[in-house]
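Input: a single structure, listed below in structure tokens.
In this note's numbering, the protein residues as written are 683 to 828.
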């Protein structure tokens, strides 16, 4: 799979969630964690400008967020971007968990991990709602027939 679609380093969504948990625990406070999440967003593959439109926009996000998916065999790969640095980092985090997974694995990976990691609570209400909207959009894409 090539850019702009994200290929996570972990073999499974569960491994990705555990790796993210371990990485976030390295930092003493949320300001350092935010900086780490922003850096994750900066490392996303370039998202094509012609996809930055309403057809790719995720509703329910305060910032502009765009997602695209591509099926390859039984796996779905995602590309994404936001106009806000912290939100691009949250996109990267979600893609690390969900991109490159089967539809069944995506469906089985409840976005409650966002709350378990403390992410939703640490964000503003609008950003917390937005990251949950992104997770819903990814899971909705996976729920569509192949």
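Every residue, glycine too, gets a C-beta built ideally from N, C-alpha and C.
Handout entry: Pairwise C-alpha distance: residue 700 and residue 729
Key = Along the chain shown, read from residue 1 onward, the residue named residue 729 stands at position 47. Along the chain shown, read from residue 1 onward, the residue named residue 700 stands at position 18. Looking at the two C-alpha atoms, the distance is approximately 27 Å.
Problem - Short Cβ contact (7 Å threshold) for residue 698 with residue 692 - result: On the chain shown, position 16 is the one that residue 698 refers to. On the chain shown, position 10 is the one that residue 692 refers to. A contact, by the Cβ cut-off of 7 Å.
Practice task
Tell me residue 760's beta-bridge partners as DSSP assigns them.
Solution key: Counting from 1 along the chain shown, the entry for residue 760 is found at position 78. Paired residues: 751.
Practice task
Check whether the segment 812-821 touches the segment 758-772, counting contact only when three or more Cβ pairs, one atom from each stretch, lie closer than 8 Å.
Solution key: yes
Practice task
Output yes if chain B places a C-beta closer than 7 Å to the C-beta of residue 709; else output no.
Solution key: The structure shown contains no chain B, having only a single protein chain.
Exercise for the section: Mind checking who residue 739 pairs with in its DSSP beta bridge? Expected result: In the chain shown, the residue the question calls residue 739 occupies position 57. 748.
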